[in-house]
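Following: one structure in C-alpha cells, then a few remarks.
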Amino acid sequence: MTDFRVPTSAVRVDDEATRYSRREFIKRVIASGAVASAATYVYGGLSGCSTKGSRAALAGGVERLVSLNVNGQVRRVDVLPQETLAMTLRYKLGLTGTKLGCDRAECGACTVMLDDITFNSCSVLTHSVRARKVVTVEGVGGPNGELHPVQQAFIDELSPQCGFCTPGQVVSAVALLMRNPKPTRDQCRAALAGNLCRCGAYDNYLNGVMRAAAGVSPT
Amino acid sequence: MTYKLLGKNFTPHDVLAKVMGTAKYAEDFRAEGMVFCRMLTSPMPHARVKHLDASEALKMPGVVGILTADEVTPAKGPSNPILTNEPQYVGQPVLAIAAVDETTAQDALEKIKIEWEPLPFVINPLDSLRPGGPDARLDGNVGSLGVKLQTIKWTKEDFDNAGPGQMPMGAAAEEWKYGDVEAGFAKSKVVYDDSFVTASNSHHSLEPRTCMAYWQNGKCFVHGSTQSHTFVVPGLAQLIGVKPDDIIYIAEFCGGGFGSKGAAYSSMAIPALFSKKLNKPVMMRVSRAEEYAIGCARNGFVGRVKLGFGEDGRLLAADMYILQEGGPNNGFWDFRNAADALSIVYTPESMRFRGIPVYGNTPTRSAQRGPGENQIACALEPLMDRAARDLKIDRLELRRLNAPKPDSKVGSDRRVVTSAYLEDALEKGGARFNWEERKARSGQRNGSKVTGVGIGQAYHPAGFSGFDGLVRLLPDGTFHIHTGVGNLGTFSHSGTARIAAEVLKCDWEICVVERGDSRKHLPWNIGQFGSNTSFTMARTNYVAAMDALQKMKEIAAKDLGGKPGDYDVDGKKVFAKASPGRSLTYAKVAQRAIDLGGKFTGKELPADINPMTRASATALAGTGLIGVAKDNLPVGGETAAFAAAFVEVEVDLETGQHRVVDVLNVGDCGTVIHPMGLETQLKGGTVQGFGLACFEHIIFDPQNGLPGVVGLYQAKPPTYLDVPSVMQTDWVDKADPTSPMGTKGIGEPPLGAAASALICAISDALGGHVFNRTPVSTDMILNVASKRPMSHTPLQIHTA
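Right, here's the structure in full:
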C-alpha cells in the first residue's frame with residue numbers, strides 16, 4: 320500500500336499555536352519551494368562535523384563505521400543510513416573532486432564509478448556501496464599521479480571552461496573507454512549525455528574523448 | 002603584426018586542477034569548528050513578517066544561532082537585501098539558522114513560527130501598469146539599476162488603444178531619439194509593427210553560490226563563488242560592513258556565473274555576518290532549488306518595434322518600446338542595452354526608443370550574458386528576414402547593407418565605435434558557410450523534416466579603461482603577473498597576462514600568473530563581465546609591463562652607462578642596442594631593483610593608482626622589480642565586439658523538434674590573444690544561445706506567484722543531445738586601433754548571434770513564420786506546422 324504520509328512539518332494544519340489560518344497554511348504547503356527543499360535535505364545535511372546525541376532521537380539516525388573501497392584503498396568511515404555517497408566522499412573522505420550541481424541526479428556533476436559503471440553519487444546511499452569498488456575523479460589516474468589519457472586529452476583540447484562539470488565528464492569518459500575503447504563521436508555523445516555543461520563545452524569534451532580514444536590501447 | 006605569444010595557443014595553468022578534481026570551489030573548503038547555515042526563504046511572492054518566534058528552534062540541541070534581517074547591513078534603496086522581513090519573491094532569504102550540521106539547521110527552520118502578512122504582488126508587469134494595478138514594491142513599481150524608483154501607471158486609453166496582440170504603449174520611464182522617424186516611415190517601402198516577448202531564464206551556473214567565511218585577527222576570510230576577483234572586494238566589504246583592506250577574498254575557481262556572479266552579491270555576506278556573530282566559521286551551501294531563487298535570471302522583455310525599410314533594404318526608421326520585466330529590486334538595464342544594440346547592429350537612419358523597467362515579485366534579475374543585446378537579437382533578426390523576403394533581397398545582403406561602418410554611432414549619445422568588423426564577420430562567415438548554396442535548401446523536405454537556414458548577429462560593448470596593472474620581475478628570473486581577473490572559465494586571466502609577457506618578450510615558461518586570493522597582492526581590476534576583459538586587462542597588463550620595461554632600461558643605463566633609450570630587451574636580458582654584449586639578465590636587473598629601492602622595487606608608487614593596488618604593491622615592495630601603473634591610455638570611443646552566426650536546421654513537423662545540422666559562429670574581437678580560448682567562447686556562446694532560443698524560460702503561477710521551475714529538467718539548459726556534436730567557429734582577427742595590441746572582448750555576442758540564427762533558421766524552415774517569442778518551443782513549432790492557434794496569448798509571459 321502506498322504511503323501517503325506527508326513530512327511531519329505539514330501536520331499542524333489547525334494548530335492554534337502557529338497562528339496560521341488554514342488558508343495561509345495550505346498556500347504554504349503548496350509553495351513547494353519551502354517544504355520540498357526541507358524534504359530534499361533530510362538526508363543531505365551531513366557535512367564535516369558530526370554530532371553525538373542530537374539525532375539519536377531520529378529513527379535510524381545512528382552512524383555506523385563501515386569499510387568502503389574507494390580509489391583502490393580501504394577507507395573506514397562513519398556513515399548514516401540516509402547518507403549519500405557524494406556526501407561521504409566530499410565531507411568525510413576529503414575527496415572534493417566530485418561536485419554537487421543539483422543533488423538530485425539531473426546534472427551529472429557528481430558522477431562516480433561503482434564497479435566501473437557510472438552513477439550519480441548524490442543519489443546513491445553510501446551504505447549500498449559497501450561491497451562495491453568506488454572510483455572518483457581522484458582515482459582515474461595512475462598510482463604515481465599519472466594522468467589518465469582522458470585527463471591529458473581534456474587538457475590538450477582545452478575542454479574544461481569553468482571546470483565544475485569536468486570531474487563528472489572525466490569519469491563518464493573513462494567509464495566509456497573502459498567498455499568501448501574505440502567509440503564513435505556519437506557514442507561518446509550518448510555516453511556523456513548525462514553530464515550537463517552550462518559553459519557549453521560539449522564540442523571540446525567530445526574532441527577530448529575522441530583524442531583519448533585514439534591514444535588509449537584496449538585493456 | 003606577428004607576436005611572440007599573442008595569437009598562439011597555450012595551456013592555462015588552471016586546466017590541470019580542473020581535470021584532476023583538485024580545483025577548489027567555495028564548497029570544497031573546510032575550517033576548524035565550521036558550522037552550517039540554512040536560509041529560511043519566503044513562501045510567498047510578497048509578504049511581511051508580522052511575528053517571528055524562533056525560541057523552539059534555538060532550543061534544539063546542535064543549533065548555534067540565528068541571523069535575522071535586523072542584524073545585517075540594510076539594503077540601500079531598491080537594491081537586493083541580504084535578508085529581509087519583507088520578502089518580495091518566493092525563495093527570498095528572510096533569516097538563517099546555523100547548526101552543527103545542515104540537517105539540524107533545516108529541522109530548526111521548520112520549528113520557527115512566522116506569521117506572515119500577505120501583500121499585493123505582481124507576476125506580469127503589464128498588470129502593474131494598469132490603473133489600480135498592484136505594485137511589486139510598497140514604494141514604487143518602476144525602476145532598475147540606473148533608473149530611479151518611481152511609480153508609473155498607464156491609462157485605460159493606453160490599454161484600449163492597443164489592438165489584439167499589440168503591446169500597449171503608455172508613459173515611458175526613458176525616451177530618446179535621433180533623426181526623424183516619422184519621415185523615415187513615410188518613405189519606407191515596407192513598415193512592420195510587431196509586438197514580441199522574450200522569456201526570462203535562469204543563469205544556471207552549475208556551481209550554486211555556496212559561500213564560507215570566518216574571521217581571524219580582525220580580517221574576514223571569504224571563500225566565494227564569483228566571476229571576478231578584486232572587483233568583488235569593495236562591494237563585499239560594504240555588504241559585510243568592513244573596509245576592503247579587512248577582507249581576504251579567495252575565489253580561484255568559479256563554477257559559472259554568466260553575469261549573476263559578476264560582482265559581490267548579497268547572499269555572499271550571510272556567512273561572514275553570521276560568522277562574526279557566532280565567532281565560528283560558517284558554511285552556507287546553496288541548493289539548486291535555492292539557486293533558482295537567489296541565483297538570478299535574465300530580464301524578460303515585452304516589446305513592440307516598428308521598422309521601416311527602404312526598397313533597397315536599408316533600415317530607414319526604427320521605433321522601439323521595451324517593457325522590461327524584472328525582479329523586485331535593482332537588477333540591470335537590459336532595456337537600454339537592447340536599444341543600443343538596435344542602433345549599432347542595424348544602424349537605422351532614424352530611431353526612437355522608449356523603455357520602462359517594471360518591478361515584479363519574481364527572482365532578482367541580474368545581467369546575463371549579453372543582457373538586453375541578446376534577447377533583442379532574437380526579436381529583431383527574424384524581422385530582418387521578413388524584410389528580406391518581402392523586398393526580395395538576399396538575407397545576408399540585407400544585413401551587410403545595414404551593418405555598422407567605420408563612422409557608425411551607437412546609442413542615445415551617438416558614441417563612435419573604435420572598430421566594427423561585423424560586415425567582415427558576415428562576409429567571412431557567409432563564404433565559409435557557403436551561404437549562396439545553402440540558402441537553396443530552404444524548405445527542402447525529407448520525410449517529416451524540413452530544412453531551414455538562418456543568420457544571426459549580436460553586439461556588446463567590449464572594454465573599459467582606467468584600471469591598474471601590477472607585475473614583478475624576481476631575482477630568480479621569473480616574471481610574475483599579478484592580476485585581479487577572476488576565473489569563470491574563460492582563461493582570460495592568463496590570456497591577458499600574456500600581454501605583459503609580450504611587452505618584455507618573455508618565454509611563457511618563466512611567467513607566473515598570480516590570481517584568485519587577496520594574499521597574492523593583486524591590482525584593482527574591473528570584473529569579468531560585459532565582454533571586457535581581453536580589452537581592459539590587456540591595457541592594464543600593458544601599462545604595468547611598460548612601466549617595468551622603462552625601469553629595466555633605467556637600471557641598465559645606471560649600471561652600464563648611456564641613456565634608457567639606448568637599451569632594449571629580448572626576453573632574457575636588457576641590452577644596449579649598439580653593443581648587445583653590454584647587458585643585464587632579467588634576474589640580475591630584478592636584484593638591482595631591490596638594491597636600488599625607491600620606485601624600482603615598489604617603495605615609491607604612482608599617485609593615481611587605486612588604494613587596493615597601492616596596498617598590494619606595498620606588500621610586494623622589495624621582492625623584485627615592480628611594474629605598476631594605472632591605465633591612462635587614450636580611449637577613442639566605445640570598444641565594441643560583434644558576432645555573426647549561420648545555422649542550418651532540420652525541423653520535424655511531426656514532433657516539433659529541431660536538429661541543428663550545422664552552425665558557424667564568427668567573432669569580431671580584434672586581435673586574437675588565444676585562439677583555442679576564443680573558440681571555447683564562440684562554441685560555449687553557441688550552446689547557451691541555442692538554449693535561450695529554444696529551451697529556456699522561467700514559469701510562474703500567476704495566481705499565487707509560485708515558481709514552476711525549480712529543477713534543471715524544467716528549465717532547461719541544453720545537454721549534449723540538444724546541440725550538434727560539432728560546431729564551427731571563425732574570427733575576423735582585425736586589430737582594434739585603440740587597443741595596445743588590438744584586442745577586444747568577445748564573451749557575449751556569440752550567444753545572441755547563435756540564438757537569433759537558430760530562430761531565423763527554424764522560421765525559414767516554416768516558410769518565414771515570425772514567432773515574436775522566445776523560447777521557440779516544440780509546442781509552438783507544431784502549432785505553426787499544423788496551423789493551430791498558439792497555446793499562449795501573444796503578450797503572455799512566464800508560461801510553459
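Sequence lines, in order, name chains A and B. Letter by letter, the first sequence follows residues 320 to 538 of our numbering. Letter by letter, the second sequence follows residues 2 to 801 of our numbering. No residue lacks a Cβ here, since even glycine has one placed at the ideal position from N, Cα and C.
- The beta carbon of aspartate 731 of chain B sits no closer than 8 Å to any beta carbon of chain A.
- Across the set B:Gly166, B:Arg433 and B:Phe468, the C-alpha of B:Arg433 shows the shortest separation from the C-alpha of aspartate 663 of chain B.
- DSSP places phenylalanine 197 of chain B inside the beta strand (DSSP E), whose first and last residues are 191-199.
- Listed in chain order, the positions of the region 469-487 of chain A with a beta carbon within less than 7 Å of a beta carbon of chain B are Gln470, Phe473, Ile474, Leu477, Pro479, Gln480, Cys481, Gly482, Phe483, Cys484, Thr485 and Pro486.
- With respect to chain B, the C-beta atom of leucine 412 of chain A has no partner C-beta closer than 8 Å.
- In the DSSP assignment, no residue is bridged to asparagine 300 of chain B.
- Inter-residue distance for leucine 796 of chain B and glycine 304 of chain B is about 9 Å (C-alpha atoms, whole angstroms).
- Distance between glycine 301 of chain B and aspartate 571 of chain B, taken at the CA atoms: about 53 Å.
- For arginine 517 of chain A, the chain B residues whose Cβ falls inside 7 Å of its Cβ are His205, Ser206, Leu207, Gly257 and Pro718, in order along the chain.
- Aspartate 435 of chain A and valine 490 of chain A have their C-alpha atoms some 10 Å from each other.
- Here glutamate 605 of chain B carries a coil assignment [DSSP, helix/strand/coil].
- Around glutamate 424 of chain B, the same chain offers Arg401 and Ala404 as residues with beta carbons nearer than 7 Å, after the five sequence neighbours per side are excluded.
- The residues Cys38, Cys212, Ile271 and Pro272, in chain order, have a CB closer than 6 Å to that of methionine 285 of chain B in the same chain once the five nearest residues on each side in sequence are set aside.
- Membership of cysteine 512 of chain B in the beta strand (DSSP E) is indicated by the continuous run 512-515.
- Chain-order list of chain B residues neighbouring asparagine 463 of chain A: empty, with the shortest C-beta distance near 13 Å, by a criterion of under 8 Å.
- By the Cβ-count criterion, serine 792 of chain B is exposed, with fewer than 16 other Cβ atoms from all chains shown falling within 10 Å of its own Cβ.
- Linking lysine 554 of chain B to aspartate 508 of chain B through their CA atoms gives a straight-line distance of about 19 Å.
- Not a single CB atom of chain B sits nearer than 8 Å to the CB of glutamate 402 of chain A.
- Within 10 angstroms of the beta-carbon of histidine 224 of chain B lie 16 or more other beta-carbons, which makes it buried.
- Between the alpha carbons of aspartate 548 of chain B and threonine 602 of chain B lies a gap of roughly 12 Å.
- Non-local C-beta neighbours of valine 16 of chain B in its own chain, meaning closer than 6 Å and more than five positions away in sequence, are absent.
- Within the same chain, and ignoring the five residues on either side of cysteine 516 of chain A in sequence, the residues whose Cβ sits closer than 6 Å to its Cβ are Cys484.
- Secondary structure of phenylalanine 222 of chain B (DSSP, three-state): strand.
- If you check each beta-carbon in the region 17-28 of chain B against every beta-carbon of chain A, the ones closer than 8 Å belong to Leu17, Ala18, Lys19, Val20, Met21, Gly22, Thr23, Ala24, Lys25, Tyr26 and Glu28.
- In this chain, the alpha helix (DSSP H) harbouring serine 276 of chain B covers 270-279.
- Classified as buried, glycine 706 of chain B has 16 or more neighbouring CB atoms from the shown chains inside 10 Å of its CB.
- Using a CB distance cut-off of 8 Å, asparagine 523 of chain A counts as an interface residue toward chain B.
- Its chain contains Gly134 and Pro135 as the residues whose beta carbon lies nearer than 8 Å to that of aspartate 128 of chain B, once the 5 sequence neighbours on both sides are disregarded; these appear in chain order.
- Per DSSP, the unbroken beta strand (DSSP E) holding valine 64 of chain B starts and ends at 64-68.
- In the three-state DSSP reduction, asparagine 439 of chain A falls in the strand class (E or B).
- Annotation: leucine 783 of chain B is outside any beta strand (DSSP E); the continuous alpha helix (DSSP H) that includes it extends over 779-786.
- For the region 111-159 of chain B, the continuous alpha helix (DSSP H) assignments of 4+ residues that do not extend past its boundaries occur at 126-130, in sequence order.
- Per DSSP, glutamine 797 of chain B is not a residue of any beta strand (DSSP E), being assigned neither H nor E.
- Not a single CB atom of chain A sits nearer than 8 Å to the CB of glycine 455 of chain B.
- In summary, the residues of the region 684-695 of chain B whose CB is separated from some CB of chain A by less than 9 Å are Lys684, Gly685, Gly686, Thr687, Val688, Gln689, Gly690, Phe691 and Gly692, in the order they occur in the chain.
- Residue pairing from DSSP places proline 94 of chain B in a beta bridge opposite B:Thr42.
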